[in-house]
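1258 is the number of the first residue of the sequence shown in the numbering used here; add one for each residue after it.
Idealized CB from N, CA, C, for every residue including glycine.
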Amino acid sequence: MVPNEERMQRFTKLLPLDRMYGAWSNEAIVGGAGSFPFDLTVPGGDLPTAGVTVVGVLPTHRRRGVLRSLMRAQLDDAYERGEPLAALWASEESIYGRYGYGLASFCGEITLAREHTAFAQPFEPEGTLRLLEAEEAQEKIPPVYELIRS
């Protein structure tokens, strides 16, 4: 997929270019990492957090300190920006322990056959549901989100 102006605008809105790091060998990129800013709700309030993402190093350049350099630069940047936390959802979690990351929560999944389920107390639905257009959703969803996370 070749980047065009529209794709770049969408990408940089979510992931600012000044939070992207690249590792180069000669004139080729061999690794990269990025982060996006967000507030993480923790006991006692919200904290600025670096959301670590798009981390990778080409197989030809692994075990040469490339990832360590990228992660160090990223963590230093988060510190300088006043972000006391950095968080990621890793596909290979064993890699990140050496950079101070660890398991923050567990996830479980259960599947129940519908015929074996019921509400604990009788429940009669009230009101209506409808899909929102994007503009209306952007107006109405943030207050609900703030209420739930507080």
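Query: By a C-beta neighbour count over all protein chains shown, 10 Å radius and 16 as the cutoff for buried, is residue 1407 buried or exposed?; Result: exposed
Query: Take residue 1297 and list the residues in its own chain whose beta-carbon comes closer than 7 angstroms to its own, dropping the five residues that flank it on each side.; Result: 1303, 1304, 1306, 1342 and 1344
Query: Between residue 1291 and residue 1280, how many whole angstroms is the CB-CB distance? I'm expecting something under 8 angstroms.; Result: Not confirmed; about 12 angstroms, so no contact.
Query: With the cut-off set at 8 angstroms, would you say residue 1272 and residue 1293 are in Cβ contact?; Result: yes
Query: Can you tell me which residues form a DSSP beta bridge with residue 1374?; Result: Note: residue 1374 sits in no beta bridge, so no partner.
Query: By Cβ distance below 6 angstroms, which residues in the same chain neighbour residue 1402 in space, the five residues on each side in sequence not counted?; Result: none
Query: Return the chain-ordered list of same chain residues with a C-beta closer than 7 angstroms to the C-beta of residue 1378, the five sequence neighbours on each side being excluded.; Result: none
Query: Report yes if the CB atom of residue 1327 is closer than 8 angstroms to the CB atom of residue 1312, and no otherwise.; Result: yes
Query: Does DSSP classify residue 1399 as helix, strand or coil?; Result: helix
Query: Expressed to the nearest angstrom, what Euclidean distance is found between the alpha-carbon atoms of residue 1393 and residue 1387?; Result: 12 angstroms
Query: Which first and last residues belong to the alpha helix (DSSP H) in which residue 1336 is found?; Result: 1323-1337
Query: With distance defined between alpha-carbon atoms, name the residue in 1374, 1350, 1336 and 1385 nearest to residue 1360.; Result: 1350
Query: Between which two residues does the beta strand (DSSP E) holding residue 1310 run?; Result: 1302-1314
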